[in-house]
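>
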Amino acid sequence: MKITTVRTIIAYTMHHVLATSGPNVYATAFQEIRARDVGAAREETLNLIQSNININRKMTMIYFQGWYGFGRTGVLRSIAEVLPSMKPYPPELRFDRTIYIDCSRWKSKRVMQRKIAEELKLDNETMASFDKQDEEDDFSGVDICSRDAILNVSAAISRILSQSRFLMVFLNGSDDEIPLSTFGIEDYFDCVVIWTWSRMFLTVMDVSYLHSIYRKIKEGRYTDLFIYGYQDADKFSSSEFGALFREEAATIGRCPCLQNIDLEIVADCCLYGFLMYYHNKQNTNEFVWPAHASNYWTCDGIIQGARALEVSNALHPEVSFECRSYELKRVVEMLKMDPKAPFLLLEDDNKFVYSNSNRPYRWVFAISNDTIEEAMQTKMTSASSIFLATQMYSGGLLGIPDGFFEQCSSLCVLVLSCCAFNFVSPPFLHCQTLKFIGLDRCKSNSTVELQGKWACLQNLRVIDLRYTDWVEIFHEEKMELMTNQLMEVNIEGVRCSQLTSQLKKRLPCLERLRIINPQNEAETSSSSTDINDIFVDKTDLQLLDLSGNKEKKNLPTSISNAGQLKVLILDGCDALEDVVVPNRLPSSLRSFSFDGYGSAAPSRASTIELPLQSCRPVRRGMIRMKDVKTSVISLEGCTQLDNLFLRGLPNLVELDLSGCAIKVLDFGTMVTDVPCLKRLFLLGCEHLRAIRWGPNERQSTLLELLCIDTRPARKVLGCARPSLAVEHKSFQGADEDGRLEIIWASDLLKAHCIWSRGIKSSDGYLQSLQHLHLRSCPSLRFALPMALPSFPSLETLHIIHCGDLRHIFVPDTEFQSTSIEFPKLTTIHLHDLPSLRQICEAVEMVAPALETIRIRGCWSLRRLPRSQGKQKPAIEVEKDVWDALEWDGVDAGHHPSLYQPPQHSRYYKNKRMPRGTLLGLFCEPGYGASGVPTPFSVCARPSDECVWLSLEYETRIRIANKNKQRLRLSARVVCEL
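So the sequence shown is numbered by our numbering: it starts at 16 and just counts up by one.
(1) In whole angstroms, give me the CA-to-CA distance for S850 and P793.
(2) Would you report the Cα separation of S309 and F436, rounded to the nearest angstrom?
(3) Identify whether K250 lies in helix, strand or coil by the three-state DSSP scheme.
(4) Just checking C722 against the ligand GTP - is the residue's beta carbon closer than 7 Å to any of the ligand's heavy atoms?
(5) For the beta strand (DSSP E) that H844 lies in, which residues bound it at each end?
(6) Given a cut-off of 8 Å on the beta-carbon distance, is the pair L522 and T483 in contact?
(7) Distance check for E140 and K147, CA to CA, integer angstroms please.
(8) Would you decide whether Y287 is buried or exposed? Buried here means 16 or more other CB atoms lie within 10 Å of its CB.
(9) Span of the beta strand (DSSP E) holding W82?
(10) For V595, name the three-state secondary structure that DSSP assigns.
(11) Can you list, in chain order, the residues of its chain with a C-beta nearer than 6 Å to that of I488? Leave out the 5 residues immediately preceding and following it.
(12) Taking the alpha-carbon positions, what's the P917 to M801 distance?
(13) Quick check on the DSSP output: the beta strand (DSSP E) that includes H3 runs from which residue to which?
(14) Return yes when the Cβ of L650 is within less than 8 Å of the Cβ of L672, no when it is not.
(15) Quick check: what's the CA-CA separation for E810 versus L820?
(16) Please classify P1002: is it buried, with 16 or more other beta-carbons within 10 angstroms of its beta-carbon, or exposed?
(17) Which class does D895 belong to by DSSP, given the choice of helix, strand or coil?
(18) Where does the unbroken beta strand (DSSP E) through V861 begin, and where does it stop?
(19) Under 6 Å Cβ to Cβ from A171, same chain only, skipping five residues before and after it: list those, please.
(20) How would you call M76, buried or exposed, if buried means at least 16 neighbouring beta carbons within 10 angstroms?
(21) In its own chain, which residues sit with a C-beta less than 6 Å from the C-beta of L259, not counting the 5 before and 5 after it?
(22) What does DSSP give as the partner residue(s) for T684 in the beta ladder?
(23) Pick from S603, A676, S252 and C700: whose alpha carbon is nearest that of T725?
(24) Nearest CA to the CA of S327: which residue from F336, C314 and E337?
(25) Is the CB-CB distance between L360 and I401 below 8 Å?
(26) Just the C-alpha distance for K744 and L600, rounded to the nearest angstrom, thanks.
(27) The beta strand (DSSP E) with Y115 in it runs from where to where?
(28) Apart from the five residues just before and just after R261, which ones in its own chain have a Cβ nearer than 7 Å to its Cβ?
(29) Whole angstroms are fine: how far does the CA of Q831 sit from the CA of L865?
(30) Just reading off the beta strand (DSSP E) that C855 is part of, what are its end residues?
(31) How big is the Cα-Cα spacing for R180 and E59?
(32) Return the chain-ordered list of same chain residues with a C-beta closer than 6 Å to the C-beta of H813, the five sequence neighbours on each side being excluded.
(33) Can you say whether P880 is buried or exposed, counting buried as having 16 or more other CB atoms within 10 angstroms of its CB?
(34) Measuring only the C-alpha atoms, how far is L412 from K296?
(35) Check this for me: beta carbons of D610 and G587, under 8 Å apart or not?
(36) Just confirm the distance between the C-beta atoms of I64 and L108, as a whole number of angstroms; I'd bet it's less than 8 Å.
Structure below.
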């Protein structure tokens with residue numbers, strides 16, 4: 016589109032904004048700049064800032080659009096870097112401080128506020144508010160993207176900035192204009208804020224997109240001035256455009272994760288990535304840009320050295336592109352007109368084969384119909400990366416002659432899409448510098464074997480075969496050639512038996528293995544044994560993706576030997592019976608995915624991550640979902656696992672996440688569509704902060720057994736699963752509805768409740784709960800909210816060592832009744848609950864079936880339940896607690912005479928011992944034949960920490976003065992002996 020047309024649209028937009036704005040509505044002014052490079056754009060922008068400063072000592076907000084979105088980050092970065100060192104200062108540009116906030120990868124307002132606080136170097140106490148509030152939000156189930164700014168931090172920011180004049184440069188990666196007052200930056204401050212929307216490294220917009228930006232700015236009503244480039248992108252010379260491109264790339268190179276990296280290397284990586292992005296748009300090649308970014312950069316030699324993989328993985332998420340098709344074509348035309356461009360783009364008409372000089376090219380991207388020109392071969396002799404593909408929708412294959420790449424002495428990366436060549440003696444047979452081979456939908460066109468060794472395999476690091484049945488590459492003699500260098504093998508849509516049979520005791524350097532959607536092959540008992548042993552020596556393996564292996568029934572047992580495994584993907588493995596291996600999955604595992612809907616689209620990344628949500632299947636039919644057979648998934652002992660995705664597993668009954676590092680288990684996003692899940696184990700999950708049951712909380716009503724213990728994994732893993740079956744044979748039977756029957760929680764050090772308020776009684780909330788067992792949850796304020804009807808099946812209540820617990824049950828937000836009945840409750844055991852005032856808050860508790868109450872260390876308790884049964888409940892309680900209880904009287908059915916005479920312990924203390932007091936003890940334990948501790952002698956002697964000793968189970972312990980082995984036990988443990 017011509018410049019005059021763009022200017023007309025901008026003028027119209029300005030007129031429309033002004034015409035529709037009332038007298039009290041803020042209007043945005045529009046201003047163009049004539050600059051053609053970053054330096055000149057910076058100077059023009061600073062001049063505009065000078066002339067548009069608000070004279071009423073008020074914030075000036077300026078939006079910088081660049082040239083159709085191009086060059087925005089480069090110019091703003093230049094302003095932030097140059098302005099503090101400018102001399103002499105014009106009075107309008109004299110700022111006490113310059114603040115640069117890069118939120119182009121938007122996460123939340125909380126993250127943005129943290130970046131502002133870090134720029135201002137706020138004190139440690141204020142900075143600690145972020146971790147404290149994040150932890151509180153974890154407990155409350157607040158999504159990371161929904162976390163707002165913190166008020167006390169905003170106040171601290173306001174105090175500092177109100178005393179100075181400052182310039183703030185802000186890259187906004189969100190979808191909305193952000194009001195800065197949220198962060199403590201008030202609109203009456205004497206400051207200038209220049210900002211832009213920036214989410215991608217390279218952005219070139221069309222006019223319609225620009226119009227949407229103008230509309231957003233208008234509706235936001237925060238921005239005073241809108242600055243845009245006068246020149247269209249295609250009006251720059253190739254050198255000017257190339258300079259702008261490098262400036263944009265330099266903004267990435269200045270990221271903290273890429274310090275000490277040459278900016279020219281970063282620029283080359285960005286250019287390589289952009290050319291791949293364009294090449295993928297023009298053909299059917301499924302080697303999409305994110306799939307191999309890190310591999311391309313390292314194999315081509317752009318990034319070298321001992322830190323090459325680390326640097327490329329850090330750079331990879333920073334490089335992304337956003338261009339409409341027309342603008343993309345214009346940008347490429349500008350880049351390839353540069354006489355120093357290191358690349359060659361060949362389209363079907365091959366114009367550049369004849370029009371350009373014969374200078375060497377480093378990277379060649381070619382698309383053709385079904386022939387390959389001799390001139391094209393000449394252009395490739397110096398290339399380090401070559402990408403050849405058949406024209407999109409042509410339907411044919413590009414034939415490649417034998418020996419076509421023999422003269423390519425520097426070839427490192429070769430990707431062929433929809434090509435035909437001799438598989439027995441490939442055209443790259445003698446390319447000994449080759450490090451990456453990628454073949455997509457290629458076929459063999461000859462079986463003639465030529466003379467020569469397979470030099471191309473000696474330095475090979477990556478093989479990626481997609482729907483290319485080249486099994487010859489995995490023959491034994493060829494595997495031996497690759498054994499010391501090959502780090503990654505990816506095969507999709509081809510037979511895999513040849514590969515798996517040869518993996519045992521070969522390729523010890525293998526780090527990433529993907530076997531996706533393999534062709535069906537009959538599995539024999541011998542092949543099953545071979546597969547079980549393939550990971551015996553794979554100590555460097557970090558990623559294993561078996562997506563779409565629909566015939567695989569069991570995981571290889573030797574996977575336990577892969578001690579560095581970080582990612583395991585089993586999407587679409589319908590036949591897997593159980594995800595369980597005898598010696599557990601490796602403790603190094605960080606990410607696990609099992610999607611019953613099927614494999615993700617081809618956007619895999621070589622970095623350690625799971626497939627993106629946008630690449631996963633949207634839905635799968637119920638008939639097909641029934642084919643997913645998995646009933647048990649055990650990730651027990653995966654102490655680093657914090658990234659989990661389970662979906663569409665209709666037969667999953669048991670999920671064991673014991674020892675995992677998950678902070679929030681979300682049944683709305685992490686574990687979904689698992690309708691038969693009945694048993695959930697979370698033992699040793701010391702990082703666990705919250706469980707979210709999803710939108711309707713139905714999942715919680717389907718569970719039969721939920722076990723939670725947040726003590727360190729080393730203390731819990733390997734122990735027997737908890738059981739409440741003390742007087743009954745079993746408490747784990749399921750009713751017809753399969754609802755939760757047992758809640759067993761231990762050592763939840765920071766949890767404020769077991770179940771938060773806001774339940775839906777219509778969902779059958781805990782109708783089948785029979786046993787509630789809580790132990791050592793020091794921060795617990797309450798356990799469960801009450802709704803009507805509530806807990807009709809509850810039989811036992813067993814709670815010990817919860818120091819902050821005030822009430823066990825509290826009314827839910829819609830609870831209206833003045834009393835609540837527990838018709839089957841027979842046993843109450845409360846121990847060491849010093850803050851407990853009553854079991855049910857604000858309502859009367861009725862328990863007609865109550866038989867036994869045992870109370871120890873509940874010094875604040877004031878009320879007991881009302882029992883109207885035929886049998887008086889037996890009660891054990893300290894005399895002081897009994898005497899302090901409040902009663903409603905005989906007529907109300909709430910009187911001491913309605914209980915059996917209480918039994919008072921001879922050993923109790925009026926005041927609770929201070930938390931953390933230690934006792935010096937000598938113990939002589941004995942053990943029976945079953946390994947269970949028997950009664951033993953205890954000797955208490957005075958020590959600096961010893962305050963008092965309370966022993967309740969006097970039949971099991973006797974005081975004696977014997978010099979035995981010394982143990983230091985906490986007072987809490989002593990009471991449990």
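The beta-carbon is built from N, C-alpha and C at its ideal position, and this holds for glycine as well.
Keep in mind the model is a prediction, meaning the values are calculated, not measured.
Considering the structure as presented:
(1) Annotation: S850 to P793 spans about 11 Å, alpha carbon to alpha carbon.
(2) 27 Å
(3) helix
(4) The model depicted lacks the ligand GTP and carries no ligand whatsoever.
(5) T842 to H846
(6) No, the pair does not count as a contact, with Cβ atoms beyond the cut-off.
(7) 10 Å
(8) buried
(9) Unbroken run through W82: none, as it is neither H nor E.
(10) Note: V595 maps to coil in three-state DSSP.
(11) none
(12) Each residue's Cα considered, the two are about 29 Å apart.
(13) Nothing about residue 3 can be read from this structure; the chain reaches only from 16 to 992.
(14) yes
(15) 21 Å
(16) As shown, the chain starts at 16 and ends at 992. That puts residue 1002 outside it, with no answer to give.
(17) helix
(18) E859 to V861
(19) L137 and T141
(20) buried
(21) Here the set comprises G86.
(22) Partner(s): none; T684 has no beta bridge.
(23) C700
(24) That would be C314, whose Cα lies nearest to the Cα of S327.
(25) no
(26) Residue placement at K744 is poorly supported in this model, since its pLDDT is 26, which falls under 50; the coordinates still yield a value, given next. C-alpha separation (whole angstroms): 33 Å.
(27) For Y115, the enclosing beta strand (DSSP E) stretches over residues R112 to C118.
(28) Annotation for R261: A282 place their beta carbon closer than 7 Å to its own, counting only its chain and skipping 5 residues before and after.
(29) Roughly 25 Å between the two C-alpha positions.
(30) Q853 to C855
(31) 21 Å
(32) H788 and H844
(33) Counting every other CB atom within 10 Å of its CB across the protein chains shown gives P880 a total of 16 or more, marking it as buried.
(34) Rounded to whole angstroms, L412 to K296 spans 18 Å at the Cα level.
(35) yes
(36) Right, their Cβ atoms sit about 7 Å apart.
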